[in-house]
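A short write-up of the structure that comes next.
There are 2 protein chains.
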Amino acid sequence: MTSTSPEAENSAAVPAPVVGRPRSTAASNAILAAVLDLVAEHGSMRAITVEAVAARAGTSKTTIYRRWATKEELVAAAVESIKAPPAFELPHESVRDDLIRMLKAVRTDVSPRERRILRCIMIDSEDNPELAAQQERLMTERRRAGIELVRYWIERGELRADLDPMLVAAGLVSPLLTIQIYGHYPHLRTPDLAERLVDQILTGIGTR
Amino acid sequence: MTSTSPEAENSAAVPAPVVGRPRSTAASNAILAAVLDLVAEHGSMRAITVEAVAARAGTSKTTIYRRWATKEELVAAAVESIKAPPAFELPHESVRDDLIRMLKAVRTDVSPRERRILRCIMIDSEDNPELAAQQERLMTERRRAGIELVRYWIERGELRADLDPMLVAAGLVSPLLTIQIYGHYPHLRTPDLAERLVDQILTGIGTR
DNA sequence: TCCTTTCGAAACGCTACCGTCGCGTATCGA
DNA sequence: TCGATACGCGACGGTAGCGTTTCGAAAGGA
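Read top to bottom, the protein sequences are chains L and A. The opening residue of the first sequence carries number 1 in my numbering; numbering runs sequentially from there. The opening residue of the second sequence carries number 1001 in my numbering; numbering runs sequentially from there.
Right, dumping it as structure tokens:
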């Protein structure tokens, strides 16, 4: 820790010179936050303009373009600045409660703002490999907790030993996400969706 | 059937006069097909241009704007022209086979072209209520078969009677779609995904 | 203090695309 | 044949947004 800068450098940014007036980190943060705000408000990354970002951040376009060469780099940097939510604590009292809590965490820990941001990343990552990589990073982080949870209860014999933890997690989280975030199956958007999903997969749907 | 036109009128189109040279239905069809082609090739509706549609359809921009007032109307009409796939026949030999067949039909009956179109509709329906309505129409049609199937096997006592058929369908189709179409959980993209999903939900994951 | 760089503001060039118009030609019904 | 409309073509005006430039002022480091 000899002379570390207080803020981590933005990866894809144009490097700042060492002499002269230093760049305002407050401005950098405000710009990245403004990008995420606007992405959350409007539908996608196509829908936001650099001028709007500057206005929201209280800076000028010049200040933005001094840091990032293109709009794509700017958005990528903003997405990169998103941190994964802190790992939530589970009481480990019962499989059912844990799974339900995990699913509800997907719904509550993720704010509506962040939810819309994730949705936009999903959309735009189609034709933006940089964004696609970022998406993978965010998704993998968020998926890990669920997979670990399944593993935990398999070890304790509460879940079948021959399960693929990832498939179980997918079977629970995917329906929840498509219903909650994408708005599919509107009839299923009830407050007890998490409970119903867990019960369904826990006991199975067959009669034998 | 006195003087019915051979083709159904396009709903939101500017009505064609009764005197003078009639509009070419071939051109109309070529235009709508071109829209869907281009939507499938490029990412979204924003990415396609009216000039490109005209070029692909072998017409001129004038011909397009004589039928639809704006690009939005054009896209909406093209989406409206999509027909639901024919209902597939199931052998009804066993629940397991039927469910697996149903899931595999999701993967095979929907061509890659149509898949991309559906994806784009999903994306653009965010800020286009007209498209959102069309999306609901297409999704509901496609979901019905799965829900009916669950109901069929409930009546025959092979599935639990207290199930919500829609929740079961969602629990099966959603993971498949997110994995197959959206590319999530890349480790799960195996040829036997349908079988594994069905087995997991059929027998349940719990040990008691 | 001086030198270097940043900042905000405003204007600019550029490109892409929408939607319109005019024109000569083609095609239908009466 | 005549009248009315559709057709393709090309050009146009208008708008939006990206990225650049200029300029005076401010703010740090040596």
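Yeah, the Cβ is synthetic: ideal placement off N, Cα and C, and Gly gets one too.
*Give a yes or no on whether 9 Å exceeds the smallest Cβ distance from Val168(L) to chain A.*
Yes, contact with chain A.
_Within 8 Å, do at least three Cβ pairs link the segment 181 to 190 of chain L to the segment 1163 to 1172 of chain A?_
Taking a cut-off of 8 Å on C-beta distances, the segment 1163 to 1172 of chain A touches the segment 181 to 190 of chain L, as three or more cross pairs fall below it.
_Three CB pairs or more closer than 8 Å across the segment 1135 to 1143 of chain A and the segment 140 to 160 of chain L_ = no
*Can you name, in chain order, every residue of its own chain whose Cβ lies under 7 Å from the Cβ of Arg96(L), other than the five neighbours on each side?*
Hits under 7 Å: Val198 and Leu202.
_Straight-line Cα distance separating Gln200(L) from Arg1160(A)_ = 10 Å
_Using a Cβ-Cβ cutoff of 8 Å, what residues of the segment 77 to 93 of chain L are near chain A? List them in chain order._
none
*asked:* I need the straight-line Cα distance from Ser173(L) to Pro129(L), nearest angstrom please.
replied: According to the sequence displayed, residue 173(L) carries Val and not Ser. About 24 Å.
*Could you give the DSSP three-state label for Ser3(L): helix, strand or coil?*
For Ser3(L), the predicted structure reports a pLDDT of 33, less than 50, and the residue's modelled location is therefore unreliable. A value from the coordinates is still provided. Reduced to three states, the DSSP call for Ser3(L) is coil.
*Answer yes or no: does any C-beta atom of chain A fall closer than 9 Å to that of Gly20(L)?*
no
*C-alpha gap between Leu103(L) and Arg1107(A), whole angstroms*: Distance between the alpha carbons of Leu103(L) and Arg1107(A) is about 27 Å.
*How many whole angstroms separate the CB atoms of Ala57(L) and Ile31(L), which I take to be in contact at a CB cut-off of 8 Å?*
5 Å
*Residue-level contact to chain A via CB, Ile100(L), 9 Å cutoff*: no
*Would you please verify whether the beta carbon of Tyr1152(A) is less than 9 Å from any beta carbon of chain L?*
Chain L, which has no Cβ nearer than 9 Å to the Cβ of Tyr1152(A), makes this no.
*Output yes if chain A places a C-beta closer than 9 Å to the C-beta of Thr203(L); else output no.*
yes
*asked:* Within 9 Å of any Cβ in chain L, is that where the Cβ of Gln1134(A) sits?
replied: no
*Identify the contact partners of Gly1146(A) in chain L, using a Cβ-Cβ distance below 8 Å as the criterion.*
By Cβ distance, chain L contributes nothing, its closest Cβ being about 11 Å from Gly1146(A), past 8 Å.
*asked:* Are there any heavy atoms of the ligand MG lying less than 8 Å away from the beta-carbon of Glu1114(A), as far as the coordinates show?
replied: Here there are no bound small molecules, and the ligand MG is not part of this structure.
*asked:* DSSP three-state label for Gln1200(A), please.
replied: helix
*What is the rounded straight-line gap between the Cα of Arg1023(A) and the Cα of Ala1016(A)?*
7 Å
_chain A contact for Leu177(L) (CB, 9 Å cutoff)_ = yes
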